[in-house]
Amino acid sequence: MSSLYTKEEALAYHSDPRPGKVEVVLTKPFATQKDLSMAYSPGVAEACMEIYHEPSLVSKYTGRSNLVAVVSNGTAVLGLGNIGAAAGKPVMEGKGVLFKYFADVDVFDLEVAELDPDRLCEVVKALEPTFGGINLEDIKAPECFYIEEKLKKEMNIPVFHDDQHGTAVISGAALLNACEISGRKPEELKVVVMGAGAAGIACCNLYCALGVRRENVYMFDSRGLIHAGRTDLNPYKAAFAQKENVGDLAECMKGAHMFLGLSKGNLVTKDMVRSMSDHPVIFAMANPVPEISYEDAKEARPDCIMGTGRSDYPNQINNVSGFPYIFRGALDVEAVEINDAMKIAAAHALAALAREPVPADILKAYNTDSISYGIDYVIPKPLDSRILTTVTPAVAQAAMDSGVARRPIEDMDAYRKSLEERIRASHARLTPFIDSYKK
């Protein structure tokens, strides 16, 4: 339970004065007979026929190009596990809130009561005419890998499983800066990973794309080290199998440069941290209890670069710093997919932003007088508004450079300015609307 709220406050937030956290609103006048005629019959036929003759005009005459589906079957909801599609709906609505607030992306959350991966793919694929992108969410491994791969092959819009790639992008950015601070290159790192689910495997795939050697990754699941002698590995885990079983977690932590935790709390001891190399990188992201606490890690190794998923400690690795802006960039160039080049561009852009001076408004938001690049600040704060104009253009540019953009942006400086204006206008609309409910 967070100290920021009580259970009663959280439940009241979700139920009063209107159940849920999102609402569909009109964007066009609707007060006269003429408005009715244009919004529906017969005037709507004009837009329909324009799209019929030129399908790309769906982006001009409907909201499709700014509409993302957040799709889940509820099999791996946050830290709650397989609680089902309906119980996962508050989380999916919450993703819609984040999409809208941070990047002005509209969302329909779709909770699908379907456990069969192929049937789930059929449902999502059939909805392609409705959406500009698909955000898969809280689907358990290994099915999530198969579902995403299949949909990416069969759909002509971006499909992005945030549990995989969102965590990978943010932690990848932190890794780049941690390497710079510690004077190492990614290819020199020995990386120990506890947790071989969707996020763990996606993080390691991105780390390898950033330069980490696959043979230097020591990945653990609930049964121990993943190695070639095991017969219980799915293909996604097997891709990171060590040739031999070289020992348990404590043994593999000796001399390691980095620990990545995406499992459960209190699995790492102070002695394990002491056995790591100088300036070790520790990303302990189990929530709400990390694999090792910030206090214990710092006591064992004051020189460590420590990150968690929590907002009350330095270096919070939070997906909200990634997915809204990645989708904003992808949607704005009408990308057919979100590829590795776009994810790598996002990671590099985030890393670069952390090296910039932090403006006063961000300091005020975090109630501090100073934030500066170093071991306690290797990743921008999630509430840093500059992420919009840093990551989003980088993603859009990477989409254009890699040939997946259908609507290239000609003037990137003008695009950055338009993003700021768009969010200001969006917040100006949202604030009085939300305040009306308070009344």
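Here this note's numbering runs 91 ahead of the position in the sequence shown, where the first position is 1. Just so it is clear, CB atoms sit at the ideal spot from N, CA and C, and this is done for glycine as well.
Cβ pair residue i, residue j closer than 8 Å
i: GLU228; j: VAL162; result: yes
i: VAL337; j: ASN406; result: no
i: ILE514; j: LEU479; result: yes
i: ASN226; j: VAL427; result: no
i: ASP195; j: SER517; result: yes
i: LYS112; j: VAL188; result: yes
i: ALA259; j: ALA293; result: yes
i: ALA289; j: GLN255; result: yes
i: TYR309; j: CYS270; result: no
i: LYS186; j: VAL198; result: yes
i: MET363; j: ALA341; result: yes
i: GLY291; j: LEU353; result: yes
i: ALA505; j: ASN268; result: no
i: ALA485; j: ALA440; result: yes
i: GLY361; j: ASP387; result: The question names Gly, yet the displayed sequence has Lys at residue 361. A contact, by the Cβ cut-off of 8 Å.
i: ARG507; j: GLU425; result: no
8 Å Cβ shell around residue i - same chain, five flanking residues per side excluded
i: ASP492; result: ALA432
i: MET92; result: Here the model assigns MET92 a pLDDT of 44, short of 50, so the residue's position is not dependable, and the following value carries that caveat. If we look at MET92 and ignore the five residues flanking it on each side, its Cβ neighbours are LYS98.
i: ALA456; result: LYS472 and LEU474
i: GLY302; result: LYS276, PRO277 and GLU278
Check: residue i C-beta below 7 Å from any heavy atom of the ligand NAD
i: ASN325; result: Because no ligand of any kind appears in the structure shown, any question about the ligand NAD cannot be addressed here.
Exposure label - residue i; buried when at least 16 CB within 10 Å
i: PHE121; result: exposed
i: LEU524; result: Looking at the sequence itself, residue 524 is Phe, so the reference to Leu does not match. It is exposed - the Cβ of PHE524 has fewer than 16 other Cβ atoms within 10 Å.
i: CYS139; result: exposed
i: SER132; result: exposed
i: ASP423; result: buried
i: THR483; result: buried
i: ALA204; result: exposed
i: MET503; result: exposed
Chain-order list of residues whose beta-carbon lies under 7 Å from that of residue i (same chain, five-residue window excluded)
i: ASP460; result: LEU454
i: LEU242; result: CYS212, VAL215, LYS216, ILE225 and VAL250
i: GLU202; result: SER163, GLY165, ALA176, ALA177, GLY179, LYS180 and MET183
i: GLY223; result: ARG155, SER156, ASN157, LEU158, VAL159, ILE248 and LEU422
Same chain, Cβ closer than 6 Å to residue i, neighbours up to 5 away in sequence not counted
i: ILE261; result: ILE408, SER412 and GLY413
i: ASP126; result: PRO120
i: ALA438; result: VAL260, GLY263 and ALA264
i: ALA232; result: GLY288 and ALA289
i: ASN366; result: The amino acid occupying residue 366 in the given sequence is Ser; Asn does not appear at that position. Hits under 6 Å: MET344 and LYS345.
i: LEU206; result: none
Uninterrupted alpha helix (DSSP H) stretches inside the segment 263-351 (no shorter than 4 residues): 289-300, 326-329 and 340-344
Count Cβ pairs between the segment 427-445 and the segment 489-506 that sit closer than 8 Å; are there 3 or more? yes
Along the chain, which unbroken stretches of the alpha helix (DSSP H) at least 4 residues long are found entirely within the segment 92-180? 98-106, 124-130, 135-144 and 149-152
Would you mind listing the alpha helix (DSSP H) stretches within the segment 193-271 that are 4+ residues and don't spill past its ends, in chain order? Within the segment 193-271, the complete alpha helix (DSSP H) segments of 4 residues or longer fall at 208-217 and 234-245, listed in chain order.
Would you check if there are 3 or more beta carbon pairs closer than 8 Å linking the segment 384-400 to the segment 360-375? yes
What alpha helix (DSSP H) runs, 4 residues minimum, are completely inside the segment 356-444? 361-365, 385-391 and 414-423
Report the start-end ranges of each alpha helix (DSSP H) in the segment 455-527 that is 4 residues or longer and not cut off at the edges. 477-492
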